[in-house]
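1 is the number of the first residue of the sequence shown in full-length UniProt numbering; add one for each residue after it.
Here a beta-carbon is modelled for each residue, glycine too, at the ideal position from N, C-alpha and C.
These figures come from a predicted structure and were not determined experimentally.
Read through the structure below, which is laid out as structure tokens, and then see the notes.
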Amino acid sequence: MATRELTKEPNLAVLYPKAALSGLTRRGSGGALPSTVYTRSGVAVDHAHLAAYDRVCEFRLTDELPITYPHVLTFPMQVTLMTDGDFPFPLVGSVHVANRITQTRPLRVSDKLDLRVHVENLRDHPRGKQFDMVGEASVRGEVVWTDVSTYLRRGGGSGASESKERKEPPKPSASWRVPGDIGRRYAEVSGDRNPIHLHPLTAKLFGFPTAIAHGMWTKARCLAALEGRLPSAYTVDVKFKLPVLLPAKVGFAAERTGAGGWHFQLFDARKGKPHVDGTITA
Numbered sequence: 001m002a003t004r005e006l007t008k009e010p011n012l013a014v015l016y017p018k019a020a021l022s023g024l025t026r027r028g029s030g031g032a033l034p035s036t037v038y039t040r041s042g043v044a045v046d047h048a049h050l051a052a053y054d055r056v057c058e059f060r061l062t063d064e065l066p067i068t069y070p071h072v073l074t075f076p077m078q079v080t081l082m083t084d085g086d087f088p089f090p091l092v093g094s095v096h097v098a099n100r101i102t103q104t105r106p107l108r109v110s111d112k113l114d115l116r117v118h119v120e121n122l123r124d125h126p127r128g129k130q131f132d133m134v135g136e137a138s139v140r141g142e143v144v145w146t147d148v149s150t151y152l153r154r155g156g157g158s159g160a161s162e163s164k165e166r167k168e169p170p171k172p173s174a175s176w177r178v179p180g181d182i183g184r185r186y187a188e189v190s191g192d193r194n195p196i197h198l199h200p201l202t203a204k205l206f207g208f209p210t211a212i213a214h215g216m217w218t219k220a221r222c223l224a225a226l227e228g229r230l231p232s233a234y235t236v237d238v239k240f241k242l243p244v245l246l247p248a249k250v251g252f253a254a255e256r257t258g259a260g261g262w263h264f265q266l267f268d269a270r271k272g273k274p275h276v277d278g279t280i281t282a
């Protein structure tokens, strides 16, 4: 296992062209995952950046970090790993299908974070291969935050159909209008400038009728709706279903599932098609 210490945040403006090139040069048949671990030490939270993130995702402006915020700090490290020459799949075309985050205590804006990213758990999927990008944040040697992003690389799978249980959407507890520019606004704070999120024309190049919202924005927006009702230590696990085509009107529904637990859903307000299915466990 090779550990590589990064002295500054990776430059995504440089990495994304590299990712686009890897999409042309790598077939994505899927060899072994690299054992490389990327780290950054003593990362301080930028107050202005946190405030901008809070506004885009509609969190309150406080000194406590939303549980999804460290994801934007580790994301450039993930892209660095996924654009290395020994990574078996191109970043372009790898689909973010699920995300699980655990925090053992709230993180504060004053915390200095030691960040770590690696990849693991390559496995078969009926439509190709899946793997997990794992991020960690430690404070004074204690891991207090863990993020597992599951990606699907289509192609070479068994072709077996997945079980798709059709359910009626729940009665929404809230309805939101998602503006057409939310992809560009979230890209500004997250650094995730994947063209499928930025403009209808660039999204059409990848087979989408219009730009789509970032999955991690939809997760954060759902958690913002539950702010003030969440435990201090919890796991939030979501599956990303159908993309949110921008602009959109979506329904949000949440119900308690026990002490500190929730089940929440985000879905198309008109057709009821699912976008996000999530659980919160204290």
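Delimiting residues of the alpha helix (DSSP H) encompassing residue i
i	result
ILE280	Segment 274-281 is the beta strand (DSSP E) holding ILE280; no alpha helix (DSSP H) there.
SER190	182-190
LYS171	From DSSP, LYS171 is part of no alpha helix (DSSP H); its letter is neither H nor E.
VAL56	47-57
Residue closest to residue i, alpha-carbon to alpha-carbon, out of the options
i	options	result
LEU198	GLY191, PHE206, ASP181, LEU205	ASP181
PRO231	THR80, ARG116, GLY260	GLY260
LYS171	PHE267, ALA52, GLY278, PRO10	PHE267
ARG177	LEU245, VAL148, ILE196	LEU245
ALA20	THR210, GLY228, VAL79	VAL79
ALA98	PHE131, PRO209, MET77, ASP86	PHE131
ARG40	LEU113, ARG229, GLU142	LEU113
ARG140	GLY42, GLN265, LEU201	GLY42
PHE87	PRO195, VAL119, HIS71	VAL119
Three-state class that DSSP yields for residue i in the structure shown
i	result
SER94	strand
LYS219	helix
MET77	helix
ILE196	helix
LEU242	coil
THR39	strand
THR102	strand
THR202	helix
Cβ neighbours of residue i in the same chain (closer than 6 angstroms, five flanking residues each side left out)
i	result
ILE67	ILE101, GLN103
ALA269	SER175, LYS249, VAL250, GLY251
CYS57	ALA220, ARG221, ALA224
HIS263	GLU255, THR257, THR279
Min CB distance residue i to chain C below 8 angstroms
i	result
HIS49	Here there is only one protein chain, and chain C is not present.
Bounding residues of the beta strand (DSSP E) (the contiguous stretch that carries residue i)
i	result
LEU122	113-125
ASP268	261-268
LEU150	The residue asked about is misnamed: residue 150 is Thr in this sequence, not Leu. First-last of the beta strand (DSSP E) with THR150: 142-154.
ARG4	3-5
ASP132	128-139
VAL109	Unbroken run through VAL109: none, as it is neither H nor E.
residue 287	There is no way to answer for residue 287, as the model of the chain reaches only from 1 to 282.
ALA254	248-258
Cβ shell of residue i (< 7 angstroms), same chain only, five flanking positions each side left out
i	result
THR281	TYR234, THR235, GLY261
TYR38	ARG4, LEU6, MET77, THR80, LEU81, VAL117
Beta-carbon contacts of residue i that lie in its chain and below 8 angstroms, excluding the five residues immediately before and after
i	result
SER173	PHE252, ALA253, ALA254
At least 3 beta-carbon pairs within less than 8 angstroms: the segment 237-247 vs the segment 268-278: Inter-segment contact for the segment 237-247 and the segment 268-278 is present: three or more beta-carbon pairs are separated by less than 8 angstroms.
Is it the case that the segment 250-263 contacts the segment 137-157, given that we only count it when at least three CB pairs across the two stretches are under 8 angstroms? Because the criterion of three Cβ pairs below 8 angstroms is not met, the segment 137-157 and the segment 250-263 do not touch.
Stretch-stretch touch, CB-based, cutoff 8 angstroms, three pairs: the segment 216-223 with the segment 33-45: Taking a cut-off of 8 angstroms on C-beta distances, the segment 216-223 does not touch the segment 33-45, as fewer than three cross pairs fall below it.
At a cut of 8 angstroms, does the segment 105-123 reach the segment 50-67 through at least three beta carbon pairs? Look at the beta carbons and you see the segment 105-123 touching the segment 50-67: at least three pairs across the two are nearer than 8 angstroms.
Given 8 angstroms as the limit, is there contact between the segment 76-94 and the segment 5-21, that is, 3 or more CB pairs closer than that? The segment 76-94 is in contact with the segment 5-21.
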